[in-house]
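Reminder that position 143 of the sequence shown reads as 143 in full-length UniProt numbering, one-by-one numbering, no gaps. Just so you know, even glycine gets a beta-carbon here, dropped at the ideal spot from N, CA and C. What follows is one structure encoded as structure tokens, with my remarks underneath.
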Amino acid sequence: MKTATVKEAGPEAEKRGRKASKETRQLQLIEATIDSLAKRGYSDTTMADVADGAGLSRGIVNFHFESKEKLLIATLQHMYDEYSAHWRAALTKAGDDPARQLQALVAADFDRSVCNKRKLAAWCAFWGEAKSRPTYQALSGSRDKDYQQTVVDLCVRLKDDGGYDFDPEATALGLSAMLEGLWLRLMMAAENVTRETAHQAATDYLASAFPKHFSRKEAGARKIA
């Protein structure tokens, strides 16, 4: 019986190995695509650029993704998955207090793992194409909706707790728009804008919108990863 078990496990182990290899190869190509988007932009990125960047043959790229469009969709999906996992982890780590949760969401946006010139440039490349590509709109719309609803819910809880007089949806929209604008300024390498100063600006917004929960003095002392 033990021998039979070993024989049965062999093909399964081999199958898992092939799957891992496939996933690893696809991730390698996706990372090379992000590199190319950051360096060349959307229109000038080619399958050949990605293959060269990954150190693989063009046939391998075609085998895994078939076309540039499918490769770019997979790359956008990967970036959204990464970003979503990042902010959700920050939210969970912050516990149940809405002020700490909102503070964690803001800080997460300027963590170097997601907020760096390479990834910001890739995001901007996709944003520039989203208007004319329904697939991108659908993908980004569903993910953005989840994030935005989370921010709205936190604003509602803070309003109830602090007795504030504001529209939670408008306040949440203002915060999200500010965060996106700060990302754009960082990508454009605007003078005097760093991850730290961008984070400071965002936390100043929190202190203005929720003065009973945040203070500018405390915000200035907080660090980002």
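If you draw a straight line from the alpha carbon of residue i to that of residue j, how long is it in whole angstroms?
i: residue 153; j: residue 40; result: 39 Å
i: residue 216; j: residue 186; result: 22 Å
i: residue 70; j: residue 213; result: 45 Å
i: residue 23; j: residue 60; result: 13 Å
i: residue 124; j: residue 117; result: 10 Å
i: residue 151; j: residue 35; result: 31 Å
i: residue 207; j: residue 191; result: 24 Å
i: residue 132; j: residue 148; result: 23 Å
i: residue 174; j: residue 121; result: 23 Å
i: residue 100; j: residue 94; result: 6 Å
Can you list, in chain order, the residues of its chain whose CB lies under 7 Å from that of residue i, leaving out five sequence neighbours each side?
i: residue 76; result: 126, 136, 139
i: residue 110; result: 195, 198, 199, 224
i: residue 159; result: 166, 168
With DSSP run on the structure shown, which of helix, strand or coil describes residue i?
i: residue 188; result: coil
i: residue 213; result: coil
i: residue 31; result: helix
i: residue 42; result: coil
i: residue 95; result: coil
i: residue 53; result: helix
i: residue 112; result: coil
If I follow the unbroken alpha helix (DSSP H) through residue i, where does it start and stop?
i: residue 154; result: 134-162
i: residue 225; result: Where residue 225 is concerned, there is no enclosing alpha helix (DSSP H), given that its DSSP letter is neither H nor E.
i: residue 124; result: 117-130
i: residue 63; result: 58-65
Excluding the 5 residues preceding and the 5 following residue i in the sequence, name in chain order all residues of the same chain whose CB lies nearer than 6 Å to its CB.
i: residue 54; result: 28, 29, 32
Can you name, in chain order, every residue of its own chain whose Cβ lies under 8 Å from the Cβ of residue i, other than the five neighbours on each side?
i: residue 201; result: 178, 182
i: residue 80; result: 139, 140, 143
i: residue 25; result: 56, 60, 64
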